[in-house]
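One structure is given here, and the rest of the page talks about it.
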Amino acid sequence: MVFDSFDIKSLIRPVIDFPKPGVIFRDITPLFQSPTALRLVMDSFAHRYVEAEFTHIGAMDARGFLIGSILAYQLNKPLVLFRKQGKLPADVLAEGYQTEYGEAFLEVHADSLCEGDSVVMFDDLIATGGTLIAAANLIRRMGAKVHEAAAIIDLPELLGSQRLEDIGIPTFCLTQFSLSEK
Numbered sequence: 001m002v003f004d005s006f007d008i009k010s011l012i013r014p015v016i017d018f019p020k021p022g023v024i025f026r027d028i029t030p031l032f033q034s035p036t037a038l039r040l041v042m043d044s045f046a047h048r049y050v051e052a053e054f055t056h057i058g059a060m061d062a063r064g065f066l067i068g069s070i071l072a073y074q075l076n077k078p079l080v081l082f083r084k085q086g087k088l089p090a091d092v093l094a095e096g097y098q099t100e101y102g103e104a105f106l107e108v109h110a111d112s113l114c115e116g117d118s119v120v121m122f123d124d125l126i127a128t129g130g131t132l133i134a135a136a137n138l139i140r141r142m143g144a145k146v147h148e149a150a151a152i153i154d155l156p157e158l159l160g161s162q163r164l165e166d167i168g169i170p171t172f173c174l175t176q177f178s179l180s181e182k
């Protein structure tokens with residue numbers, strides 16, 4: 001199966017003025033409703049990482065869980081969940097960050113990673129990079145390192161991928177949208 005960015009983009013629904021006026025939300029639900037598209041996306045990621053040197057998959061709350069759990073299974077890697085504040089039951093590390101909509105906190109179980117571990121982080125999209133940078137900070141606080149940050153969608157005009165690259169984190173996205181693209 002050959003990856004075709006246009007086909008994937010056609011299955012990402014633009015939702016105008018959500019969650020606030022002026023924002024075009026990129027809804028990946030239709031992509032996940034297509035077994036062919038879902039397999040194509042997951043196979044594309046699996047192909048990229050099947051021989052890569054890393055130890056864990058990190059998945060961002062909540063749509064990153066969809067990607068991360070499938071890839072953790074496919075690649076036989078442990079899954080680390082990065083959750084919104086107050087969702088994890090054991091001892092956590094927390095990191096505050098700015099989103100395009102305001103301030104938020106990301107948490108991870110404090111015993112999720114050890115020194116020497118290496119993580120590929122997954123989310124549905126990279127916008128400002130805030131969530132992934134917060135996760136990277138948490139990973140580093142546990143003594144581990146970030147192998148790469150990956151997503152289905154990049155919104156390059158919001159400079160998230162650039163911010164990640166600027167702090168030494170390579171990024172990989174399957175497709176991108178301009179902010180005005182419908």
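Heads up: the sequence shown is residues 1 to 182, going by full-length UniProt numbering. We put the CB at the ideal spot given by N, CA and C, even for glycine. All figures in this text were calculated on a predicted structure; none of them were measured in a lab.
Distance check for residue j and residue i, CA to CA, integer angstroms please.
{"i": "residue 216", "j": "residue 15", "result": "Outside the displayed span of the chain (1 to 182) sits residue 216, for which this structure offers no information."}
{"i": "residue 11", "j": "residue 28", "result": "7 Å"}
{"i": "residue 189", "j": "residue 51", "result": "Nothing about residue 189 can be reported from this structure: the residues present for the chain run from 1 to 182 only."}
{"i": "residue 121", "j": "residue 130", "result": "13 Å"}
{"i": "residue 56", "j": "residue 86", "result": "23 Å"}
{"i": "residue 18", "j": "residue 75", "result": "34 Å"}
{"i": "residue 68", "j": "residue 23", "result": "26 Å"}
{"i": "residue 149", "j": "residue 170", "result": "6 Å"}
{"i": "residue 175", "j": "residue 90", "result": "36 Å"}
{"i": "residue 41", "j": "residue 25", "result": "19 Å"}
{"i": "residue 114", "j": "residue 77", "result": "15 Å"}
{"i": "residue 151", "j": "residue 9", "result": "13 Å"}
{"i": "residue 79", "j": "residue 21", "result": "35 Å"}
{"i": "residue 102", "j": "residue 182", "result": "24 Å"}
Please classify residue i as buried or exposed, where buried requires at least 16 neighbouring CB atoms within 10 angstroms.
{"i": "residue 1", "result": "Because the pLDDT at residue 1 is just 43, under 50, the model does not fix this residue reliably, and the value given afterwards should be weighed accordingly. Answer is exposed; the Cβ neighbour count stays below 16."}
{"i": "residue 62", "result": "exposed"}
{"i": "residue 161", "result": "buried"}
{"i": "residue 164", "result": "buried"}
{"i": "residue 13", "result": "exposed"}
{"i": "residue 47", "result": "exposed"}
{"i": "residue 143", "result": "exposed"}
{"i": "residue 88", "result": "buried"}
{"i": "residue 138", "result": "buried"}
{"i": "residue 179", "result": "exposed"}
Taking C-beta to C-beta, are residue i and residue j nearer than 7 Å?
{"i": "residue 153", "j": "residue 125", "result": "yes"}
{"i": "residue 64", "j": "residue 123", "result": "yes"}
{"i": "residue 45", "j": "residue 71", "result": "yes"}
{"i": "residue 108", "j": "residue 132", "result": "no"}
{"i": "residue 134", "j": "residue 146", "result": "no"}
{"i": "residue 159", "j": "residue 127", "result": "no"}
{"i": "residue 81", "j": "residue 59", "result": "yes"}
{"i": "residue 172", "j": "residue 155", "result": "no"}
Next on the checklist: Could you tell me which whole alpha helix (DSSP H) segments of length 4 or greater appear in the UniProt domain "Phosphoribosyltransferase" (37–157)?
Outcome noted: Here the runs fully enclosed are 63–75 and 130–141.
Item to check | Inter-stretch contact at 8 Å, needing at least 3 Cβ pairs: the segment 80–98 / the segment 33–45 | outcome: Taking one beta carbon from each stretch, the segment 80–98 and the segment 33–45 have fewer than 3 pairs nearer than 8 Å; the two do not touch.
Checklist entry - Counting pairs of Cβ atoms below 8 Å between the segment 46–66 and the segment 107–121, do you hit three or more? => result yes
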